[in-house]
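Heads up: the structure comes next, in structure tokens.
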Amino acid sequence: MLNEDGSLLTIGVLALQGSFAEHIAALKKCKVNTREVRLPSDIEGLSGLIIPGGESTAIRTLLQVSGLDKAIIKAKDKGLKFFGTCAGAILLSSKIEGESNYSFGFIGAVVSRNAYGRQLYSFEKEFDIKNIGKFNVIFIRAPKILYVGKDVEILARDGRDIILAENDSCLIATFHPELTGDLRIHKYFINKISKNKNAKK
């Protein structure tokens, strides 16, 4: 697939910790070029970056140690698009409730970590997602998106809690679409990058 300007689209997946292999597999099924991102140099030439689920504190530390945090900020300023799932959504958000921990602040969202409890708690549930339709969602020690800014569009809710939202540069999900086998949310992100609004899901 190509970017709007005709250049080849390549999506990276942050591969420091967490469920990066599943995102890589999903992107390959979507027939786009993909790359594991472990070093600042791996950011070069990307059209998008997925920050996967995992342990947000561990990922944050590895980002800082590797220097990837600074490379990601520079790439965002140049137009890189982001998709954060679970821990990735936490890292892209503007604020973590009750904590002063670092996050990128790329999307105006307040999140609560481990909002369903700190135990290994997971469940599946079907939701109706805007622009996508009914989707079976998998939550694993999921955060909650409590509030979003005026420039953020809410795509799905679990009651009052926001589970999928986006702004111009980011898509964030509190769940794990990479574990479902359903590629529609990955394709939605690909279309967000390519600006191909009429692409088939």
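For what it's worth, our numbering labels the leading residue of the sequence shown as 31, then goes sequentially.
Quick reminder that beta carbons are idealized off the backbone N, C-alpha and C, glycines included.
None of these values were measured; they are calculated from a predicted model.
If you draw a straight line from the alpha carbon of residue i to that of residue j, how long is it in whole angstroms?
| i | j | result |
| --- | --- | --- |
| D212 | N221 | 16 Å |
| K111 | T210 | 23 Å |
| K45 | V140 | Residue 45 is actually Ala in this sequence, not Lys. When rounded, the distance between both Cα atoms is 25 Å. |
| I41 | R171 | 26 Å |
| V167 | E156 | 6 Å |
| F169 | E52 | 15 Å |
| I192 | T91 | 27 Å |
| I180 | F136 | Position check: residue 180 holds Lys in this sequence, whereas Ile was assumed. Whole-angstrom Cα-Cα distance: 14 Å. |
| K58 | T64 | 7 Å |
| L98 | E74 | 11 Å |
| I202 | S133 | 13 Å |
| C60 | F219 | 11 Å |
| Q47 | N161 | 30 Å |
| L185 | A195 | 5 Å |
Pull up the CB-CB distance for residue i and residue j, whole angstroms please, since I reckon it's below 8 Å.
| i | j | result |
| --- | --- | --- |
| I159 | F165 | 5 Å |
| L39 | V62 | 6 Å |
| L176 | S124 | With a Cβ gap of about 11 Å, L176 and S124 do not count as contacting. |
| S86 | L69 | Contact flag wrong, Cβ pair sits at about 20 Å. |
Quick check on residue i: buried or exposed, where buried means 16 or more other Cβ atoms within 10 Å of its Cβ?
| i | result |
| --- | --- |
| G128 | exposed |
| Q149 | Caution applies to Q149, whose pLDDT of 49 falls short of 50 and renders its modelled position unreliable; the value that the coordinates give is listed next. It counts as exposed. |
| K88 | According to the sequence displayed, residue 88 carries Ala and not Lys. The residue is exposed, with fewer than 16 neighbouring Cβ atoms inside 10 Å. |
| K217 | buried |
| R190 | exposed |
| D72 | buried |
| E208 | buried |
| I54 | buried |
| I103 | exposed |
| G109 | exposed |
| E183 | exposed |
| S130 | exposed |
With distances taken from CA atoms, which of the options is nearest residue i?
| i | options | result |
| --- | --- | --- |
| I120 | A56, F205, K225 | F205 |
| V178 | L39, L98, L122, G83 | L122 |
| R187 | G75, T210, G163, D198 | G163 |
| V43 | L79, A55, Y218 | L79 |
| P173 | A117, E183, P207 | A117 |
| S224 | P207, S199, G189, A203 | S199 |
| P82 | L185, N197, T115, R214 | T115 |
| G84 | A105, A101, S49 | S49 |
Return yes when the C-beta of residue i is under 7 Å from any heavy atom of the ligand NAD, and no when it is not.
| i | result |
| --- | --- |
| G48 | Looking for the ligand NAD in the displayed structure turns up nothing, as the structure carries no ligands at all. |
Does the beta carbon of residue i sit closer than 8 Å to a beta carbon anywhere in chain D?
| i | result |
| --- | --- |
| I223 | Absent from the structure: chain D. Only one protein chain is present. |
Quick one: which unbroken alpha helix (DSSP H) runs of 4-plus residues sit fully inside the region 70–133? Chain order, please.
Entirely contained in the region 70–133, the alpha helix (DSSP H) runs reaching 4 residues are, in chain order, 86–96, 98–107, 117–122.
Length-filtered (4 minimum) alpha helix (DSSP H) runs lying within the region 170–231
Complete alpha helix (DSSP H) runs here, min 4: 214–224.
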